[in-house]
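Chemist: My questions will all concern the structure given below.
If you want it as structure tokens, here you go:
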């Protein structure tokens with residue numbers, strides 16, 4: 013009966029090897045655990061059968077769930093800060109537009125329109141970031157990782 017073994021070499025690469033002394037009876041079970049270990053260690057996974065490499069998977073640039081969660085949280089925080097700055101700028105430009113004289117009217121109106129666009133973009137990006145964070149939280153709860 014074929015058994016499978018998971019080994020790590022000196023370079024940090026993970027090898028899934030067909031071996032009679034292995035601890036896994038099913039190839040799928042060994043492969044699932046090997047992938048999980050490779051993701052956790054951010055390593056390369058090699059699948060060997062009879063001294064030849066069948067396949068390899070690179071998980072060196074893969075984000076762990078904790079890193080993904082932190083990234084989404086920081087993205088939400090950044091968009092909230094941008095939204096707050098855009099609101100303050102909008103109030104400032106609106107006040108300047110009301111108090112402007114004829115010479116400065118056109119310039120202040122352009123600045124006001126720019127601030128208005130910036131506020132709309134900030135609201136949109138904030139909405140998207142919150143949605144992504146919510147979806148990521150749901151998928152993280154449902155994953156077996």
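Residue numbers (the working numbering): 13 to 157. The beta-carbon is built from N, C-alpha and C at its ideal position, and this holds for glycine as well. All figures in this text were calculated on a predicted structure; none of them were measured in a lab.
Are the CB atoms of residue 94 and residue 134 nearer to each other than 8 Å?
Modeler: The sequence position of residue 94 within the chain shown is 82, counting from 1. The sequence position of residue 134 within the chain shown is 122, counting from 1. It is a contact, given that the beta carbons lie within the stated cut-off.
Chemist: Between which two residues does the beta strand (DSSP E) containing residue 91 stretch?
Modeler: Here the question's residue 91 lines up with position 79 in the chain shown. That residue, residue 91, is in no beta strand (DSSP E); its alpha helix (DSSP H) goes 77–110.
Chemist: Residue 63 lies in the alpha helix (DSSP H); which residues open and close that run?
Modeler: The residue you call residue 63 lines up with position 51 of the chain shown. Where residue 63 is concerned, there is no enclosing alpha helix (DSSP H), given that its DSSP letter is neither H nor E.
Chemist: I'd like to confirm the pairing. Which residues does DSSP put opposite residue 21 in its beta bridges?
Modeler: As a position in the chain shown, residue 21 is number 9, starting the count at 1. Residue 21 pairs with nothing; no bridge assigned.
Chemist: Start and end of the alpha helix (DSSP H) containing residue 49?
Modeler: Locating residue 49 in the chain shown gives position 37, where the first residue counts as 1. In the DSSP assignment, residue 49 falls within the unbroken alpha helix (DSSP H) covering 39–53.
Chemist: Checking the sheet assignment: what are the DSSP bridge partners for residue 26?
Modeler: One-based indexing of the chain shown puts residue 26 at position 14. Listed as beta-bridge partners of residue 26 by DSSP are 20 and 57.
Chemist: Just to confirm before moving on: does the CB-CB distance between residue 76 and residue 51 stay below 8 Å?
Modeler: As a working mapping, residue 76 is identified with position 64 in the chain shown. As a working mapping, residue 51 is identified with position 39 in the chain shown. In this structure, residue 51 lies closer than 8 Å to residue 76 by Cβ.
Chemist: Does the beta-carbon distance from residue 55 to residue 82 come in below 8 Å?
Modeler: Within the chain shown, the letter at position 43 stands for residue 55. Within the chain shown, the letter at position 70 stands for residue 82. Against a cut-off of 8 Å, the Cβ pair of residue 82 and residue 55 comes out as no contact.
Chemist: Helix, strand or coil: how does DSSP classify residue 36 here?
Modeler: Residue mapping note: residue 36 aligns to position 24 of the chain shown, counting from 1. In the three-state DSSP reduction, residue 36 falls in the strand class (E or B).
Chemist: Considering only DSSP beta bridges, list what residue 14 is partnered with.
Modeler: Translated into positions along the chain shown, residue 14 becomes position 2. Partner(s): none; residue 14 has no beta bridge.
Chemist: Between residue 39 and the rest of its own chain, which residues show a CB-CB distance below 7 Å, the 5 nearest in sequence each way excluded?
Modeler: The residue labelled residue 39 in the question sits at position 27 within the chain shown. Only 16 meet the Cβ criterion.
Chemist: Which residue or residues does DSSP assign as beta-bridge partners of residue 70?
Modeler: Counting from one through the chain shown, the residue named residue 70 turns up at place 58. Bridge partners of residue 70: 56.
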